[in-house]
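Going by the UniProt record's numbering, the sequence shown opens with residue 1, and the numbers climb by one from there.
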Amino acid sequence: MDPHPAATHSAQRLGPGSSARHAGLRCGHSGDCRAELSRFWRRTARRRMGHVDRQRPTLSDDCSLGFAVARPVRGRRGVQLQPHRPYAGRGSTMTDAPQLIDIRHLGVAYRFDGQINQAVHNVSFQVAQGETVAIVGESGSGKSTMANAILGLLPDHATITQGELHIDGQNLSHASEREKRRVRGSLIGLVPQDPMVGLNPTLRIGRQIAEALLQARGGRYPTVDADVLELLQQVGLNKPVLRARQYPHELSGGMRQRVLIAIALAGNPRLIIADEPTSALDVTVQRKILDHLQRLVSERGISLLIITHDLGV
1 MDPHPAATHS AQRLGPGSSA RHAGLRCGHS GDCRAELSRF WRRTARRRMG
51 HVDRQRPTLS DDCSLGFAVA RPVRGRRGVQ LQPHRPYAGR GSTMTDAPQL
101 IDIRHLGVAY RFDGQINQAV HNVSFQVAQG ETVAIVGESG SGKSTMANAI
151 LGLLPDHATI TQGELHIDGQ NLSHASEREK RRVRGSLIGL VPQDPMVGLN
201 PTLRIGRQIA EALLQARGGR YPTVDADVLE LLQQVGLNKP VLRARQYPHE
251 LSGGMRQRVL IAIALAGNPR LIIADEPTSA LDVTVQRKIL DHLQRLVSER
301 GISLLIITHD LGV
C-alpha cells in the first residue's frame, strides 16, 4: 500500500495529548451499594421492557465508590494510508511497537444466488500496540466487512478469498470458531454502530456490563458489582449505581454509547474496534465521546481501529 502523497487533512487528527501514534486508512468509492447492586446482573423471571426506575439509589451522589456490502474496497486505488502527526515520545518510530494487527492483501467476497461479489480486494495495513488507525470511506465501501473479518464475524455467505490476517502474530485467516472466540473474548473489544442494536432492551445496564465481565473472567467472582460501577465511572457516566439499574431506553444516545464502550473495555482487550461509533449522535456529543474514548485507550495502552465515513472524525 502506497503512502498518500497529500498532506493530512486537519479534521482527521485526533485531539492533542494522546500518547498513541495515529494513522488513517481511507477507503475510496466503492451508602452501601452492595444490596442494591446484587440484583442487576441476575436473570429476570420475564424478559420484557423494563419500567422507568423511580427508586432512589442507596448510594448518595457525593459518596465515593472507592475506585481510583456493496462496492469493493480496493488496495491501491481506493485505500490509501495517510500518516498523521506521530507520537512525540523520544526516539519513537513506527517500528518500535509490535504489530498487533497485520493485514496482508486481504480479499473478502459474498456469494448471492450463485454470484460472487468482491467486497474487499487487496487491502493491507497494520495496527501496532498502542496505535490509533482510522479506516475512512463512504457507506458500502467494505469498511465494516473488513472489521468483521478481523473479528471473525463474517456471515456464512462471506469468505476470505485472498491474503492473510495476522492477529498478535498468528495467522487467523481461516481459524476455527474456537480460535475466533478466543480473539473476540480476550484480545479485541467492539464498539458497534447502533447502541439500540448493541444493547439488550430487556436487561438493565449493569447486568449487561456484568455479563461481559463474567464472560471475560470465566464465571462469577466477588468484585463484579464493584467492577461494573468502576467501568461506568471510567466511561464518564455520573451516578453509576442509578445507571446500572436503568434500562437502555432510559438513557440518552450518548450515554448508551458510553455503555457500549464500557462493555468493550470489560474484557481488558488490547485492541478496540469502533465501527461508526458516533454516527447516530449530534456533533457536540460526537466530539465528547471520541475524545473520551481516545483518552481511555491512551491511558491503557490499547490500540484503536476507528471505522467511519466522516473525515472530521
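Beta carbons are placed, not taken as given, at the ideal position from N, Cα and C, and that holds for glycine.
Check your understanding: What's the call for Asp113, buried or exposed, on a 16-neighbour Cβ count within 10 Å?
Key -> By the 10 Å Cβ count, Asp113 comes out exposed.
Exercise for review: Can you grab the Cα-Cα spacing for the pair Trp41 / Ala264, in whole Å?
Suggested key: Residue placement at Trp41 cannot be trusted, given a pLDDT of 47 that sits under 50; what the coordinates show is reported in the next sentence. Approximately 17 angstroms between the Cα atoms of the pair.
Practice item. Could you tell me whether the Cβ atoms of Ala212 and Ala147 are closer together than 8 angstroms? Key: no
Review point. Any idea what DSSP makes of Arg220, helix, strand or coil?
Key: Reduced to three states, the DSSP call for Arg220 is coil.
Review point. Taking three-plus beta-carbon pairs below 8 angstroms as touching, is the stretch 249-259 in contact with the stretch 170-179?
Key: They do not touch, by the three-pair rule.
Practice item. Could you pull the start and end residues of the beta strand (DSSP E) that Asp275 belongs to? Key: Looking at the DSSP string, the run of the beta strand (DSSP E) that includes Asp275 is Leu271 to Asp275.
Practice item. Select from Glu250, Ile160 and Arg181 the residue whose C-alpha is nearest the C-alpha of Leu203. Key: Glu250
Exercise for review: Indicate the three-state DSSP secondary structure (helix, strand or coil) for Ile302 in the structure shown.
Suggested key: coil
Exercise for review: Put Asn148 into one of helix, strand or coil per three-state DSSP.
Suggested key: helix
Exercise for review: Specify the secondary structure class of Ser186 as computed by DSSP and reduced to three states.
Suggested key: In the displayed model, Ser186 falls within a helix according to three-state DSSP.
**Study point:** Which listed residue (Gly219, Arg300, Met196 and Gln118) has its alpha carbon closest to that of Gln234
**Key:** Arg300
Check your understanding: My guess is that Arg178 and Gly152 are in contact by the Cβ rule of under 8 angstroms, so how many angstroms apart are they, rounded?
Key -> Between Gly152 and Arg178 the Cβ distance is about 10 angstroms, and since that is not below 8 angstroms, they are no contact.
Review point. If you drop the 5 nearest sequence neighbours on each side, which residues of the same chain put their C-beta closer than 7 angstroms to that of Pro201?
Key: Only Met49, Tyr247, Pro248 and His249 meet the Cβ criterion.
Exercise for review: Locate the alpha helix (DSSP H) running through Gly267, then write down its first and last residues.
Suggested key: Counting along the chain, Gly267 falls outside any alpha helix (DSSP H), and DSSP gives it neither H nor E.
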